[in-house]
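Below is one structure, written out as structure tokens; the observations come after it.
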Amino acid sequence: MNRMRTAGVTALFAALLLTACTSPQGGTDVSGKWGSTDPGQPNLIVNSDGSYSGSDGCNTMTGKGTISGNTIELGTAAMTQKQCSDVNTWMSKAEKGTVDGNIMTMYDSSGKSIGRLDRND
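Offset between the sequence shown (1-based) and this note's numbering: plus 62.
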């Protein structure tokens, strides 16, 4: 009887230990740094409260979005209006981002995928 109890306690402890080592959202945490900090490249920093800042590679932006699971709805952003040549400013059209592993896919208002950002933290 003692051996069975010991085996049960050991199995329970092992299960708890494994659970503690896994990510609660399975690699879908929206908060963090995304994209590149190189000039002319898009990037986004998302805080756990949904506030964000970043750049489309030309113009800087800041705003307060809503996080739900692996998705952030960006909402209205304050953005500079510089004119930059030779920069693809697709990020300025982003309405939401969805995380899968280390990739955040950005979508426009029609739900079309417009770009991807790699996790960078």
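Glycine included, C-beta positions come from ideal geometry on N, C-alpha and C.
- With the rule of 3 Cβ pairs closer than 8 Å, the segment 139 to 149 does not count as touching the segment 162 to 182.
- Collapsing the DSSP output to three states places S154 in a helix.
- Across the structure, G127 and D111 are spaced so that their CA atoms are roughly 8 Å apart.
- Annotation for T133: the continuous beta strand (DSSP E) segment containing it runs 133 to 135.
- The Cβ-Cβ distance between T124 and V92 does not fall below 8 Å.
- The three-state secondary structure of S175, taken from DSSP, is strand.
- Secondary structure at G163: coil, using DSSP grouped into helix, strand and coil.
- Apart from sequence neighbours up to five positions away, the residues of its chain that approach L136 with a beta-carbon distance below 8 Å are Y114, G125, G127, A156, E157, K158, G159, ordered along the chain.
- Apart from the 5 residues on each side of it in sequence, G163 sits with its Cβ closer than 7 Å to the Cβ of G89 in its chain, given in chain order.
- With respect to G116, N105 sits close: the two C-beta atoms are nearer than 8 Å.
- Secondary structure at K144: coil, using DSSP grouped into helix, strand and coil.
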